[in-house]
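Chemist: Okay, so the sequence shown: first residue is 843 according to the numbering used here, each after it adds one.
Glycine included, every Cβ here is placed at the ideal spot set by N, Cα and C.
Handing you a structure now.
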Amino acid sequence: MTILEIQRQLAALGFDPGPIDGVIGPRTRAAIRAFQASRGLLVDGIVGPQTRAAFAAAAPAPVAPSAPSSSPAASIVPAAWMPRAAMRRVHLHWTAGAYNANGLDQNAYHLLIDGTPKLVRGKWPISANVNCPRGAYAAHTLNANTGAIGVSICCMGGPGVTMASHGKYPMKREQWEMAVQAVAELCRFYAIPVTDKAVLTHAEVQPNLGVRQNGKWDIATLSFDRSFDTARKVGDRLRREVAARL
Ligand SMILES: [Zn+2]
């Protein structure tokens, strides 16, 4: 990105870089720092790979009149996957499997993000979880499936996977980004508010909703950014990034 592009992008996202003149001064640096803070990035005022990726993932960038039409804000969840239904929450999981979505995974979640990354539809429609005391639905969260959409990132499987050692299938940044976008689209369509009781990771279900889970720790760590090392930090980042896309 050129400095001009960075300044235009900052301005388009509501940050104030000062005059858009292609020169990095204190105001542009302050705006970069503010943008980094808003995205949960290291706040250093330097546009490195992570900050560039965050810009790319942010709202449509008016970088050039001839910019390609494949806007990162384009919707990714097909309309047919979102039947009308009264849904109240979105739970984000990982599968604790490999990078592919197997049959078991598809049975348990409504939406999966495989290692490509690509969106994979689960077996049950979202509407199957409107009310599920018994019967056929996506059973993604113990005793908390009613009204809850289950989205899962295919990763973190294999023996001996711990907070310290993420094994053969660590979560890829691209998978996380796709999950954030999908969750944002679900929130928009189902009018789900981005609060810590409505948009949360599985690891937050017990602390935030008071529904006991058996030591579930998805998602208490991000493989591509180990500074996010608690369920709360990851959940807050999820909500911040989802809200930024609404
Ligand atoms: Zn889970």
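Strictly closer than 5 Å from CB to any heavy atom of ligand 1: give me those residues in the order they appear in the chain.
Modeler: Qualifying residues come out as H935, H1044, D1060.
Chemist: Who are the near neighbours of S917 in its chain, counting only those whose CB is closer than 6 Å to its CB and skipping five residues on each side?
Modeler: As a position in the sequence shown, residue 917 is number 75, starting the count at 1. Answer for S917: E1027, listed in chain order.
Chemist: Leaving out the 5 sequence neighbours to the left and right, which residues in its chain are closer than 6 Å to Q1017 when beta-carbon positions are compared?
Modeler: As a first step, residue 1017 is located in the sequence shown; it is residue number 175 there, counting from the start. Here the set comprises I955, P959, I995.
Chemist: State whether the segment 985-1005 contacts the segment 879-890, with contact taken as three or more CB pairs (one from each stretch) at a distance under 8 Å.
Modeler: These segments do not touch.
Chemist: Give me the Cα-Cα distance between A943 and K1010, rounded to the nearest whole angstrom.
Modeler: To locate residue 943, count along the sequence shown from 1; it is residue 101. To locate residue 1010, count along the sequence shown from 1; it is residue 168. Distance between the alpha carbons of A943 and K1010 is about 15 Å.
Chemist: Looking at the structure shown, is H952 part of a helix, part of a strand, or coil, going by DSSP?
Modeler: The residue given as residue 952 occupies position 110 in the sequence shown. Three-state DSSP puts H952 in coil, outside helix and strand.
Chemist: Any idea if P907 is buried or exposed, counting beta-carbon neighbours within 10 angstroms, 16 or more meaning buried?
Modeler: Here residue 907 refers to the residue found at position 65 of the sequence shown. Residue placement at P907 is flagged as unreliable, the pLDDT there being 45, under the threshold of 50; the coordinate-derived value follows with that caveat. Classification of P907: exposed, given that the 10 Å Cβ count is below 16.
Chemist: Could you tell me the distance, in whole angstroms, from the CA atom of C997 to the CA atom of T844?
Modeler: In the sequence shown, counting from the first residue as 1, residue 997 sits at position 155. In the sequence shown, counting from the first residue as 1, residue 844 sits at position 2. Spanning the two alpha carbons is a distance of roughly 35 Å.
Chemist: Which runs of the alpha helix (DSSP H), 4 residues or longer, sit entirely within the segment 851-888?
Modeler: For the segment 851-888, whole alpha helix (DSSP H) runs of length 4 or above, ordered along the chain, are 868-880.
Chemist: Just the C-alpha distance for L852 and A898, rounded to the nearest angstrom, thanks.
Modeler: Taking the sequence shown and counting its residues from 1, one reaches residue 852 at position 10. Taking the sequence shown and counting its residues from 1, one reaches residue 898 at position 56. The straight-line gap from Cα to Cα measures roughly 12 Å.
Chemist: Is H1044 helix, strand or coil when you go by DSSP?
Modeler: As a first step, residue 1044 is located in the sequence shown; it is residue number 202 there, counting from the start. It is helical.
Chemist: Alpha carbon to alpha carbon, what distance is there between K965 and H933?
Modeler: Here residue 933 is taken as the residue at index 91 of the sequence shown, counted from 1. Here residue 965 is taken as the residue at index 123 of the sequence shown, counted from 1. Rounded to the nearest angstrom, the two C-alpha atoms are 17 Å apart.
Chemist: Return the CA-CA distance between D1038 and P1049, expressed in angstroms with no decimal places.
Modeler: For the purposes of this step, residue 1038 is identified with residue 196 of the sequence shown, where counting begins at 1. For the purposes of this step, residue 1049 is identified with residue 207 of the sequence shown, where counting begins at 1. One C-alpha to the other measures close to 10 Å.
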